[in-house]
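For reference, the structure is listed below as structure tokens.
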Amino acid sequence: MAPTRKVAKAPGSSKASKKTTNPLFESRPKSFGIGQSVRPTSDLTRFVKWPEYVRLQRQKVILNQRLKTPPAIAQFANVLDKNTATQLFRLLNKYKGESKQEKKARLEAKAADLAAGKKDLDESKKPYFVKSGLNHVVSLVENKKASLVIIADDVDPIELVVFLPALCKKMGIPYVIVKSKARLGAVVGRKTSSCLAFGEVRKEDEAELAKLVSAIKANYTEKYESANRHWGGGIRGRKSIAKLQKRAKALGKDIASVDKSL
1 MAPTRKVAKA PGSSKASKKT TNPLFESRPK SFGIGQSVRP TSDLTRFVKW
51 PEYVRLQRQK VILNQRLKTP PAIAQFANVL DKNTATQLFR LLNKYKGESK
101 QEKKARLEAK AADLAAGKKD LDESKKPYFV KSGLNHVVSL VENKKASLVI
151 IADDVDPIEL VVFLPALCKK MGIPYVIVKS KARLGAVVGR KTSSCLAFGE
201 VRKEDEAELA KLVSAIKANY TEKYESANRH WGGGIRGRKS IAKLQKRAKA
251 LGKDIASVDK SL
């Protein structure tokens with residue numbers, strides 16, 4: 001069958017319809033160059049110039065992850081779990097130090113009793129407080145007068161308390177590492193505190209303290225030898241891991257074997 005022949009359209013018979021535009025509204029396409037239109041909002045966190053203290057604390061976290069740390073320092077990353085810590089601080093708050101006014105009133109009452117000739121003072125009114133201050137706590141541990149030592153994990157410099165777990169282990173005193181020196185400081189009315197210690201407690205709290213000590217011993221005192229063999233840190237970043245993966249793929253090995261050879 002012969003192809004059909006198309007007839008050309010008559011000239012001027014059909015015109016492309018023009019889009020009518022309103023002359024009152026001029027088209028102004030946006031240009032996002034310097035000094036031009038305002039850019040749409042986006043997350044600029046990467047471009048923020050952070051204060052020096054923020055940069056330092058972030059760099060410190062990264063360095064602690066990257067560098068290998070000896071076991072004596074690495075053990076401070078093993079902090080007490082949240083539930084046990086809540087019970088511990090509930091007990092600590094019962095033994096907060098007295099205020100100046102309370103201490104003055106207690107001493108005045110004691111002096112009045114002594115002046116009145118009372119020799120057998122009531123020992124049940126004896127104040128029981130949690131002990132604070134590094135030198136005081138160390139002295140209590142050396143004399144075996146502490147029943148539990150609480151150490152903060154973020155003491156700076158860490159050398160101040162790095163010997164304390166070993167000393168507690170040697171003297172047979174249970175110890176525990178908790179988060180935040182500021183939280184310990186709040187117990188004794190200071191901004192921060194590196195360590196606290198329980199001495200004597202009231203009879204009604206002896207069972208609660210014994211229960212805490214048994215739970216803490218299982219995680220710290222009894223695991224001291226195993227914790228003293230594990231180094232910390234040595235965690236690689238994403239870029240370093242990507243390089244290792246590329247190198248391992250080229251050598252046809254797994255990442256672990258390539259990492260050990262470096």
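Residue 1 is where the sequence shown starts when you use full-length UniProt numbering, and the numbers rise one by one after that. Think of the CB as a built atom: it goes at the ideal place given N, C-alpha and C, for glycine as much as any other residue.
Secondary structure note for Ala197: its beta strand (DSSP E) is the uninterrupted segment Cys195 to Phe198. Under DSSP, the beta-bridge partners assigned to Ala152 are Val178. Thr69 carries a strand assignment under DSSP once its states are collapsed to helix, strand and coil. Put simply, the backbone Cα of His230 is about 19 Å away from that of Tyr175. Membership of Phe89 in the alpha helix (DSSP H) is indicated by the continuous run Lys82 to Asn93.
Proximity to Ile151 across Lys170, Lys131, Lys144 and Asn143 peaks at Lys131, based on C-alpha coordinates.
Remark: C-beta atoms of Val188 and Lys103 do not approach each other more closely than 9 Å.
In the three-state DSSP reduction, Ser147 falls in the coil class, being neither helix nor strand. In the assembly as shown, Ile62 is an exposed residue. Its beta-carbon has fewer than 16 other beta-carbons within 10 Å.
The continuous alpha helix (DSSP H) containing Lys243 extends over residues Arg238 to Leu251. Residue pairing from DSSP places Gly232 in a beta bridge opposite Thr69. For Lys9, the three-state secondary structure derived from DSSP is coil. Gln245 places its beta carbon less than 9 Å from that of Ile255. Lys181 is classed as buried because its beta carbon has at least 16 other beta carbons within 10 Å across all chains shown.
Judged by beta-carbon spacing, Gly172 lies beyond the 9 Å limit of Pro71, meaning their Cβ atoms are not closer than that value. By the Cβ-count criterion, Leu80 is buried, with 16 or more other Cβ atoms from all chains shown falling within 10 Å of its own Cβ.
At the C-beta level, Tyr220 and Pro165 come within 9 Å of one another.
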